[in-house]
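J.: The sequence shown begins at 276 in the working numbering and counts up one residue at a time. Below are the structure tokens for one structure; questions will follow.
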Amino acid sequence: MRYRLLDRVKEQVKALLLGFYDVIPEALLSLFDFQELELLLCGLPEIDIQDWKRHTEYTGDYERKGASHKVVKWFWEVRTTNMLNSY
Numbered sequence: 276m277r278y279r280l281l282d283r284v285k286e287q288v289k290a291l292l293l294g295f296y297d298v299i300p301e302a303l304l305s306l307f308d309f310q311e312l313e314l315l316l317c318g319l320p321e322i323d324i325q326d327w328k329r330h331t332e333y334t335g336d337y338e339r340k341g342a343s344h345k346v347v348k349w350f351w352e353v354r355t356t357n358m359l360n361s362y
């Protein structure tokens with residue numbers, strides 16, 4: 276059982292951790308418990324759509340019309356509908 280759960284993926288986990296520690300030093304990780312680390316990595320479980328809209332910067336084809344562009348309107352309509360249906 277130990278082999279199936281731990282030993283057979285030992286090298287993959289080691290490589291993952293080495294890469295992870297390149298981004299976030301191991302010493303800094305020890306400051307957080309698993310819940311705090313999850314919050315830092317994943318963010319809040321609920322997304323404030325209005326806050327997201329207020330802080331969105333439009334570039335490229337969307338820069339001139341911004342939130343008035345029909346594709347942007349569709350995007351926010353889909354996101355709002357999906358967020359309401361997922362809770």
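For each residue, glycine too, the CB sits at the ideal point set by N, CA and C.
Does the beta-carbon distance from residue 333 to residue 347 come in below 9 Å?
T.: Cβ atoms of residue 333 and residue 347: closer than 9 Å.
J.: Output the distance between the C-alpha atoms of residue 336 and residue 345, rounded to the nearest integer angstrom.
T.: Near 11 Å, if we compare the C-alpha coordinates of residue 345 and residue 336.
J.: Taking just the CA atoms, how far does residue 322 sit from residue 278?
T.: Those two C-alpha atoms are separated by around 40 Å.
J.: Among the residues of its own chain, which have a CB less than 7 Å from the CB of residue 351, if the five just before and after it don't count?
T.: Cβ neighbours of residue 351 beyond the five flanking positions: 328.
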